[in-house]
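Take a look at the structure set out below.
2 protein chains.
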Amino acid sequence: MAAAQTTKEKVKRTAQKLFRERGYAAVGMRELAKEVGIQAPSLYNHYKSKDDLLREICFDMAQQFFAAFDKALVTEVKFQRQLKAVIKAHIGVIAANLEASEVFFNEWMFLEQPHLGKFKKLRFEYEMKFRDIIDKGIKKGDFKEMNSKLIAFAIFSSLNATYDLYNSNENLTQEEIANDISDLLLKGLKS
Amino acid sequence: MAAAQTTKEKVKRTAQKLFRERGYAAVGMRELAKEVGIQAPSLYNHYKSKDDLLREICFDMAQQFFAAFDKALVTEVKFQRQLKAVIKAHIGVIAANLEASEVFFNEWMFLEQPHLGKFKKLRFEYEMKFRDIIDKGIKKGDFKEMNSKLIAFAIFSSLNATYDLYNSNENLTQEEIANDISDLLLKGLKS
DNA sequence: CCATTACACTAACACTTGTTAGTTTCAAAA
DNA sequence: TTTTGAAACTAACAAGTGTTAGTGTAATGG
Chain A
0 MAAAQTTKEK
10 VKRTAQKLFR
20 ERGYAAVGMR
30 ELAKEVGIQA
40 PSLYNHYKSK
50 DDLLREICFD
60 MAQQFFAAFD
70 KALVTEVKFQ
80 RQLKAVIKAH
90 IGVIAANLEA
100 SEVFFNEWMF
110 LEQPHLGKFK
120 KLRFEYEMKF
130 RDIIDKGIKK
140 GDFKEMNSKL
150 IAFAIFSSLN
160 ATYDLYNSNE
170 NLTQEEIAND
180 ISDLLLKGLK
190 S
Chain B
0 MAAAQTTKEK
10 VKRTAQKLFR
20 ERGYAAVGMR
30 ELAKEVGIQA
40 PSLYNHYKSK
50 DDLLREICFD
60 MAQQFFAAFD
70 KALVTEVKFQ
80 RQLKAVIKAH
90 IGVIAANLEA
100 SEVFFNEWMF
110 LEQPHLGKFK
120 KLRFEYEMKF
130 RDIIDKGIKK
140 GDFKEMNSKL
150 IAFAIFSSLN
160 ATYDLYNSNE
170 NLTQEEIAND
180 ISDLLLKGLK
190 S
């Protein structure tokens, strides 16, 4: 079991890093290849196009988010706990794939058809899983009567700030971020 | 006083639209020109470079955010009200410049130096104005003891989801969004 | 009425883009 | 030892990039 990564893995990891910091459209195949340490055409021994590379990054992350959500959900019954559990799971995936998840959130728009359509569908499904918990929680009385779409959007965008939090000078653990954000969302800032 | 917009205004508005929906790097000058209804080189009669165009969009928005913040702040003394007031002001600016504010949030990274440096500084200052309210509110006891950086990040990212909310099928007014988001942040989701 | 200015145009440049074709290298399988 | 396959290479293409030079035209101001 080689601890060293294969070239293909290195290509993917480097692409995640570059796509995140400069944007998919702004990163050229030559630049990517140089960072990996090979020539541009050699990239095509591993991925059949630039789009193919982006596709693998985005859909891998989608799969991870779904898997983590489903795993987190089964163990809880109360909606407050359910929400906290999936928030924790979501942040866990981000924390374990900091760069790839940023690409997932910000660069998916550059996917070409038909993958773009499939991706949008996946994202919508994932959003609906969150809204489902909120709606059920409202119905049961665990949560306040509020616009669940707005809440879902607020939750998502808060969670997705995790990357910036990690890169700030504060030394926050994944646990702390998940706890603080779910506390804020559930109980509010007011003392 | 022509009610019709000048060509320069049309260029700017079209650029905001295209940069938002396709990303700065992915939009070419020829495409922009075509949408405006002129030839690409004619753009240079109005802006001296592509970067110049992005710069004007970004710094105009920065100025608007600062102006709205300062205007909102003076009238309030309690920190909960202060926070709500600046949230309202922030969302007001987004609502009045939906496309430009998206460019401001997502495409500023493509600014070239020295503008990039100046822009980053402005963004940081703006963030600190928010954190300042939170920190003072915590000190006074109006707010819970929490990591103010995390809170500020969560607030910012929530606010910046406003664009997506407007574009969803829900018919939410600017008032409603501002009220619901500040309610959520202050009082939490829990009933 | 003439000079100037604003703003459009076409042609073109130097460079970069993603990608393909064809070739070489080198280790593992037969 | 020969064959095969993966994975690197160089050379090159067609298309697209931001931008400049130079020109025409029509309205404006002296």
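Protein sequence lines correspond, in order, to chains A and B.
Take 0 as the starting number for the first sequence in numbering that gives the first Met the number 0 and just add one per residue.
Take 0 as the starting number for the second sequence in numbering that gives the first Met the number 0 and just add one per residue.
Note that beta-carbon positions come from the ideal geometry of N, C-alpha and C, so glycine has one too.
Reference A:R54; option with closest CA among A:S100, A:S167, A:Y162:
Between A:R54 and the set A:S100, A:S167, A:Y162, the nearest pair of CA atoms involves A:S100.
Between which two residues does the alpha helix (DSSP H) carrying B:I37 extend?
It is not in any alpha helix (DSSP H) - B:I37 carries neither H nor E in the DSSP assignment.
Would you call A:A238 buried or exposed, if buried means 16 or more other Cβ atoms sit within 10 Å of its Cβ?
Lying outside 0 to 190, the shown extent of chain A, residue 238 of chain A is not represented and no answer is given.
Are the segment 136 to 156 of chain B and the segment 43 to 50 of chain B touching, with three or more C-beta to C-beta distances below 8 angstroms?
Touching, no.
Please report the distance separating the alpha-carbon of B:W107 from that of B:N170.
29 angstroms
Which residues does DSSP list as the beta-bridge partners of B:F142?
BP columns for B:F142 point to A:K189.
Own chain partners of A:A151 with C-beta closer than 7 angstroms, once the 5 adjacent residues on each side are dropped:
E126, F129, R130, I133
Can you pull out the residues from the segment 141 to 154 of chain A whose beta carbon lies closer than 9 angstroms to at least one beta carbon of chain B?
D141, F142, K143, E144, M145, N146, K148, L149, I150, F152, A153, I154
What would DSSP say about A:G27, mapped onto helix, strand or coil?
When secondary structure is reduced to three states using DSSP, A:G27 falls in the coil class, being assigned neither helix nor strand.
Check whether the segment 54 to 64 of chain B touches the segment 104 to 118 of chain B, taking contact to mean three or more Cβ pairs, one atom from each stretch, closer than 8 angstroms.
Judged by Cβ distances under 8 angstroms, the segment 54 to 64 of chain B makes contact with the segment 104 to 118 of chain B, as three or more pairs qualify.
Using DSSP with H/G/I as helix, E/B as strand and the rest coil, what is B:H114?
helix
Could you pull out every residue in the same chain whose Cβ sits closer than 7 angstroms to the Cβ of B:K7, ignoring the five residues on either side in sequence?
H45
Nearest-angstrom Cα distance between B:L82 and A:S156?
19 angstroms
Contacting positions in the segment 65 to 83 of chain B - beta carbon closer than 9 angstroms to chain A:
Q79, L82
Given this structure, state the Cα-to-Cα distance separating B:I93 from B:V76, to the nearest angstrom.
Taking the straight line from one Cα to the other gives about 24 angstroms.
Element boundaries [alpha helix (DSSP H), containing A:K7]:
6 to 21
Does the segment 18 to 32 of chain A touch the segment 20 to 28 of chain B, meaning 3 or more C-beta pairs lie closer than 8 angstroms?
yes
Taking 9 angstroms as the threshold (C-beta atoms), are A:L121 and A:A197 in contact?
Missing from the structure shown is residue 197 of chain A; chain A here goes from 0 to 190 and no further.
Does any C-beta atom of chain B lie closer than 9 angstroms to the C-beta of A:G187?
yes
Please report the Cβ distance between B:L110 and B:D59, rounded to the nearest whole angstrom; I am assuming they are in contact, meaning their Cβ atoms lie under 8 angstroms.
Incorrect: roughly 13 angstroms between the Cβ atoms, too far for contact.
Considering just the uninterrupted stretch of the alpha helix (DSSP H) at B:A99, what are its terminal residues?
For B:A99, the uninterrupted alpha helix (DSSP H) run begins and ends at 97 to 105, by DSSP.
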